[in-house]
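Here numbering that gives the first Met the number 0 is used: the first residue of the sequence shown is 0, the next is one more, and so on. Where is the CB? At the ideal position from N, CA and C, for every residue including glycine.
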Amino acid sequence: MRIHGKLTSTQPLKVSAIHSLLHTAIHSIAAAIHVAGATVQITAAAIHSVVAVQATTVFGVALAAVVLNHCSVLGKVFAKGS
């Protein structure tokens with residue numbers, strides 16, 4: 000705002016305050032998005048680990064079942080032979 004060709008002192012302060020608030024708000028939003036992104040990555044990594052452990056466990060159980068089945072079959076064969 001100009002009065003007699005001079006800038007009043009309140010106008011720059013208002014613009015500066017609004018700019019500062021907008022700047023702070025933008026940084027806050029960016030920080031929140033960054034934290035949310037990190038949380039999603041950590042959650043995805045945790046889910047991946049759980050799935051990998053479950054897959055390993057399922058494979059281990061299946062392998063154990065196959066081994067036990069073969070041992071059972073071999074045991075029956077040897078029992079019949081003697």
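Please go through the same chain and pick out, in chain order, the residues whose beta-carbon is closer than 8 Å to the beta-carbon of residue i, but skip the five residues on each side of it.
i	result
V76	none
Once the 5 residues before and after residue i are set aside, which same chain residues still bring their CB inside 7 Å of it?
i	result
T38	none
A43	none
Ignore the nearest five residues each way along the sequence and tell me which others in residue i's own chain have a CB closer than 6 Å to its CB.
i	result
I46	none
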